[in-house]
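Engineer:
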Amino acid sequence: MHLVSDMSAGNDEGQSAESADTSTGKKKVNPEAEGHWLRGNSLFDEGKFDEAVEEYTQAIDVDKEYSSAYFNRALNYAILKKSDLAKKDLQS
Numbered sequence: 006m007h008l009v010s011d012m013s014a015g016n017d018e019g020q021s022a023e024s025a026d027t028s029t030g031k032k033k034v035n036p037e038a039e040g041h042w043l044r045g046n047s048l049f050d051e052g053k054f055d056e057a058v059e060e061y062t063q064a065i066d067v068d069k070e071y072s073s074a075y076f077n078r079a080l081n082y083a084i085l086k087k088s089d090l091a092k093k094d095l096q097s
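Given below as structure tokens:
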């Protein structure tokens, strides 16, 4: 299984974690949300799926539209056999 792991960093506080940057075609990431997302990815790599879920949840709390955090949290939920929660995240 593969996490979403390629996001662009840096933006003004208050923007969506994945707001469009029309000059580059990439999405800007809220640094606080990205920090939680990156820690979640590291925890996933270590097999610490419950802790990864906590980090992705914190990323989502910072930005409710952070689709990469929802996807990665759903993947962790699936591994933890929490299919209802995984499905909910994938529908977000």
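In terms of our numbering, the sequence shown opens at residue 6 and continues consecutively. Beta carbons: idealized from backbone N, C-alpha and C, even for Gly.
(1) Excluding the 5 residues preceding and the 5 following residue 95 in the sequence, name in chain order all residues of the same chain whose CB lies nearer than 8 angstroms to its CB.
(2) Looking only at C-alpha atoms, which of 81, 92 and 97 sits nearest to residue 59?
(3) Return the first residue and the last residue of the alpha helix (DSSP H) that residue 60 is part of.
(4) Compare the Cα-Cα distances from residue 38 to each of 70, 52 and 8 and report the closest residue.
(5) Please state if the CB of residue 48 and the CB of residue 99 are separated by a distance shorter than 8 angstroms.
(6) Which whole-angstrom value is the C-beta distance of residue 35 and residue 68, which I expect to be below 8 angstroms?
(7) Tell me the residue span of the alpha helix (DSSP H) that contains residue 86.
(8) Taking residue 88 and residue 9 to be in contact with their CB atoms under 8 angstroms, please state how far apart those CB atoms are, rounded to whole angstroms.
Structural biologist: The structure says:
(1) Counting from 1 along the sequence shown, the entry for residue 95 is found at position 90. These residues qualify, in order along the chain: 75, 76 and 79.
(2) On the sequence shown, position 54 is the one that residue 59 refers to. With distances taken between Cα atoms, residue 59 lies closest to 81.
(3) Residue 60 sits at position 55 when you count from the first residue of the sequence shown. From DSSP, the alpha helix (DSSP H) with residue 60 extends over 54-67.
(4) Sequence index remark: in the sequence shown, residue 38 carries index 33 (1-based). Considering only alpha carbons, the answer is 70.
(5) The question about residue 99 has no answer, for the chain in this structure spans 6 to 97.
(6) To locate residue 35, count along the sequence shown from 1; it is residue 30. To locate residue 68, count along the sequence shown from 1; it is residue 63. Right, their Cβ atoms sit about 5 angstroms apart.
(7) Position 81 of the sequence shown, counted from the first residue, corresponds to residue 86. Neither: residue 86 is in no alpha helix (DSSP H) and is coded neither H nor E.
(8) As a first step, residue 88 is located in the sequence shown; it is residue number 83 there, counting from the start. As a first step, residue 9 is located in the sequence shown; it is residue number 4 there, counting from the start. Between residue 9 and residue 88 the Cβ distance is about 19 angstroms, and since that is not below 8 angstroms, they are no contact.
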